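The working numbering puts the first residue of the sequence shown at 92, with every later residue one more than the last.
Ideal Cβ placement from N, Cα and C applies to all residues, glycine included.
The model shown is predicted, which means the values in this text are computed figures rather than measured ones.
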Amino acid sequence: LTGIFYSPPNNTLEVLMACVVMISQLVLTSYVFGTLLHMLQFKDNSLEVHKDRISRLKVFCHQRELPAAIHEELVEHFEFQFRKMGQDEQVKLKKPLPEALAQSVAECMYG
92 LTGIFYSPPN
102 NTLEVLMACV
112 VMISQLVLTS
122 YVFGTLLHML
132 QFKDNSLEVH
142 KDRISRLKVF
152 CHQRELPAAI
162 HEELVEHFEF
172 QFRKMGQDEQ
182 VKLKKPLPEA
192 LAQSVAECMY
202 G
């Protein structure tokens with residue numbers, strides 16, 4: 092029944108031990124399943140923000156008619172920042188674009 096006895100419990104001590112083992116097994120299994128289901132139920136908010144940022148970036152590039160190469164550089168930059176944020180935990184993506192990338196975007200838009 093509990094996986095620890097080779098034969099059914101014969102005395103009161105063995106029955107109590109089997110009950111303790113079964114209850115502790117139930118508690119541990121419930122804790123593990125509860126934690127896993129909680130993780131599956133609630134989405135990662137930072138991932139949703141990142142997806143929204145990338146979709147807004149695509150709209151921006153399409154409206155401004157930026158070349159595909161600059162569009163790809165912008166997406167790669169924000170993807171890199173997101174992966175880096177995963178390592179640094181709570182670092183925000185408020186850093187400006189690298190100067191060369193910002194200059195390329197400005198040249199396409201205004202030059």
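Item	Value
Per-residue DSSP class, three states only, for E91	Lying outside 92 to 202, the shown extent of the chain, residue 91 is not represented and no answer is given.
Outcome for C152 when other beta-carbon atoms lying within 10 angstroms are tallied against a minimum of 16	buried
Beta-carbon gap between V118 and I161 smaller than 8 Å	no
Candidates T120, F133, A109, I145: closest to F173 by CA position	I145
Assigned exposure category for H141 - 16 Cβ within 10 Å defines buried	buried
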